[in-house]
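First residue of the sequence shown? That's 2 in this note's numbering, and the numbers climb one at a time after it. What follows is a short report on a single structure.
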Amino acid sequence: SSPTASPTTSSPTVSPSEGPTTVSPTVSPTASPTSSPTVNPLSLPAFNPASLNSAAGPLQFQLSSGVFDPMIALHVLVINNAPIPLNGITTISGSELTVNIGLSDGPNDITFTAVDASGNTFVFSAIIHAGSSTLVVNLVNGDSSTYTLPASVRLSLTDDASVGETLTTSTGSVTFSNVPARSVVLTASGTSDNSLGTVGTQGDAGTATIAMNGFLPASPVDNNDFDTGDLSGWVEPITSAATVEPHVENVGPGLGPELTTPVPVTAPVPGTTLGDTRRRRQTNNDLFLPTCSTFGSDGDYYEGPPPTGGPEGPDQPPLAIVGDGGPCSVEQRISRAFTTAAGVSAIQVRYRFVTNEVPEFFGTEFNDYFRVSIRSQVAGGLIIEENSMNSLGLAAFDGDGSTSWRVINLPLNCLGDVIQVDVAVSNVGDAFVQSAVYVDFIDELFPSDGFPCLAAPPSTSSPIQSPTITRSPTQSPTASPSQLLAE
């Protein structure tokens with residue numbers, strides 16, 4: 002979750018007849034548009050809501066202007082809804098107030114209400130993710146040798162995909178510190194060959210290995226929309242349960258941005274070299290990639306026979322653990338590589354995430370994740386959404402555990418390229434209750450769809466450009482109607 006600490010406050014004004022003023026943590030909605038908001042002077046500078054933080058104390062709050070009231074009883078600290086008694090553990094020295102405690106492993110919802118020497122009240126509020134584990138991440142090639150090309154490695158919390166850290170390496174190894182003992186997703190991207198690798202693990206696992214995947218040979222089969230009724234042209238690196246299922250359009254808690262009034266394209270598309278030959282993508286079939294292949298009678302997926310009472314029933318057997326070697330304990334992945342003709346200015350993938358963890362296991366460590374990525378081999382572009390149930394939030398799902406349809410778009414330079422789309426989903430914490438990703442289609446977009454051509458590289462014989470990595474926000478991506486094709 003993003004910090005709820007308000008970056009601005011109203012300027013305090015004290016009237017002798019009114020007594021101390023409480024400073025609002027937000028700018029007043031009636032404030033003049035030309036007024037300059039005052040930054041909230043209360044902060045916790047040693048901790049970053051968007052990064053990994055040490056669980057060791059102390060908590061040192063600061064006022065950028067003024068000093069704290071020396072009476073400790075006036076200040077209130079609440080962490081994860083529990084009031085923290087400050088007497089005996091708190092020292093005040095001018096503009097610094099130090100609380101000699103550490104943080105819990107995982108998310109810490111902190112609200113600190115402080116009073117300055119003039120009687121003004123300030124509020125700091127943020128969710129701080131803390132940990133004490135060290136995680137060593139090793140990168141390997143397909144033959145298990147060390148991957149030694151330059152690479153960036155991102156660690157993201159599955160509780161909140163916006164929280165994490167990115168490190169770089171040319172030795173095939175990085176070490177993350179202050180990692181919570183929660184599920185995390187590790188994504189590595191090669192900056193010279195645009196290879197990609199992802200793995201999910203626990204933050205306290207000690208070590209993790211990422212297999213770097215280059216580009217597959219481009220398939221000649223035209224099956225970006227599963228119109229063949231099967232997975233022709235798609236590659237499963239391991240035997241998965243991927244199938245082609247009938248398309249269902251109206252899913253999720255609300256219509257996504259791509260469900261605007263469609264404008265059918267029947268005339269030649271201007272600005273392309275394809276003329277009348279542009280192929281419209283079909284929506285009659287979807288890719289279905291689940292975390293497990295065995296379907297239970299009550300609608301959940303199981304590794305082994307389902308319990309008679311369902312996953313939440315009193316006769317539930319011991320949970321199968323991720324990493325135990327069972328068929329439901331590893332990341333399921335499927336990929337497709339194909340070529341684009343000159344004139345194609347972007348690639349779009351339309352997909353949705355479905356999980357049977359909702360709502361019973363929402364907010365727990367049983368937090369399944371998914372990822373969808375698009376890469377361009379020559380231009381070296383990359384866009385990826387990696388997300389999870391907890392990070393998306395309960396409001397992102399309907400009663401059947403499905404999100405709305407989502408889209409990601411990768412801009413191209415219109416010179417033609419080799420494109421690879423990778424789709425993956427994985428259990429986290431247990432291999433019992435399952436999740437899945439549906440893919441509606443991969444589509445080729447043009448400048449007339451609102452996607453201008455990217456600048457071409459200096460020479461088509463130049464080395465692959467360093468990839469630009471864009472991580473999608475946790476909410477459904479937005480796009481204007483002109484950027485979206487009729488289905």
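Note that the Cβ used here is the ideal one computed from N, Cα and C, for glycine as well.
Burial state of residue i (16 or more Cβ within 10 Å)
i	result
Ser374	buried
Ser405	buried
Asp401	exposed
Asp231	exposed
Ala338	buried
Pro221	exposed
Thr309	Low confidence applies to Thr309: its pLDDT is 40, below 50, so where it sits in the model is not reliable enough to give any reading.
Glu97	exposed
Val40	exposed
Pro46	exposed
Gly204	buried
Ala162	buried
Thr340	exposed
Ser1	Residue 1 is absent from the model: the chain starts at 2 and stops at 488.
Ala242	buried
Pair within 9 Å by beta-carbon distance, residue i and residue j
i	j	result
Pro254	Ala347	no
Ser436	Met390	yes
Thr169	Ala152	yes
Val100	Phe62	yes
Asp444	Arg334	no
Phe113	Val68	no
Val141	Leu187	no
Phe447	Val345	yes
Leu395	Asn195	no
Asn214	Pro247	no
Tyr370	Val429	yes
Ile385	Leu158	no
Ser55	Asn179	yes
Gly58	Ile128	no
Val236	Phe289	no
Leu60	Pro42	no
Nearest-angstrom Cα separation, counted from residue j out to residue i
i	j	result
Asn414	Cys454	5 Å
Ile85	Val331	41 Å
Asp160	Ile111	17 Å
Glu361	Cys293	19 Å
Pro291	Asn225	19 Å
Asp316	Val434	Note that Asp316 scores 36 on pLDDT, short of 50, meaning its location in the model is unreliable and no value can be drawn from it.
Leu53	Ser44	17 Å
Ser190	Pro71	51 Å
Pro238	Ser184	24 Å
Gly165	Ala51	6 Å
Val249	Leu87	55 Å
Asp450	Ser233	28 Å
His130	Pro108	4 Å
Gly381	Ala342	17 Å
Asp144	Thr167	25 Å
Pro218	Gln349	20 Å
Thr92	Asn49	22 Å
Pro181	Ile90	25 Å
Ala118	Thr202	48 Å
Phe442	Asp228	9 Å
Val270	Asn388	Model confidence at Val270 stands at a pLDDT of 36, short of 50, so the residue's coordinates are unreliable; what they give is reported in the following sentence. When rounded, the distance between both Cα atoms is 35 Å.
Asp223	Thr356	30 Å
Gly364	Leu156	19 Å
Leu416	Asn251	36 Å
Ile420	Asn368	30 Å
Val323	Thr135	Low confidence applies to Val323: its pLDDT is 41, below 50, so where it sits in the model is not reliable, and the reading given next is rough at best. Roughly 20 Å separates the two Cα atoms.
Val79	Glu366	23 Å
Whole-number beta carbon distance between residue j and residue i, since they are thought to touch under 8 Å
i	j	result
Val137	Leu75	Not a contact, Cβ separation roughly 45 Å.
Val438	Phe354	6 Å
Thr208	Gly173	13 Å between Cβ atoms; not a contact.
Thr192	Asn139	Contact doesn't hold; Cβ gap of about 17 Å is too wide.
Phe398	Val359	5 Å
Asp418	Ser392	Between Ser392 and Asp418 the Cβ distance is about 31 Å, and since that is not below 8 Å, they are no contact.
Ser171	Thr149	7 Å
Asn81	Ser105	7 Å
Identity of the residues DSSP links to residue i by a beta bridge
i	result
Asp352	In the sequence as displayed, the identity of residue 352 is Tyr instead of Asp. Its beta-bridge partners are Arg407, Val440.
Asp110	Ile128
Phe161	Residue 161 is actually Asp in this sequence, not Phe. The partner list for Asp161 (beta bridge, DSSP) reads Leu158.
Ala425	Arg334, Arg372
Ala189	Val154, Gly198
Asn214	Leu197
Phe62	Leu98
Residue i: CB within 8 Å of a non-hydrogen atom of the ligand GTP
i	result
Thr159	As presented, the structure is devoid of all ligands, the ligand GTP included, so that no description of it is given.
Within-9 Å CB hit, residue i to chain D
i	result
Pro50	This model lacks chain D altogether; it includes just one protein chain.
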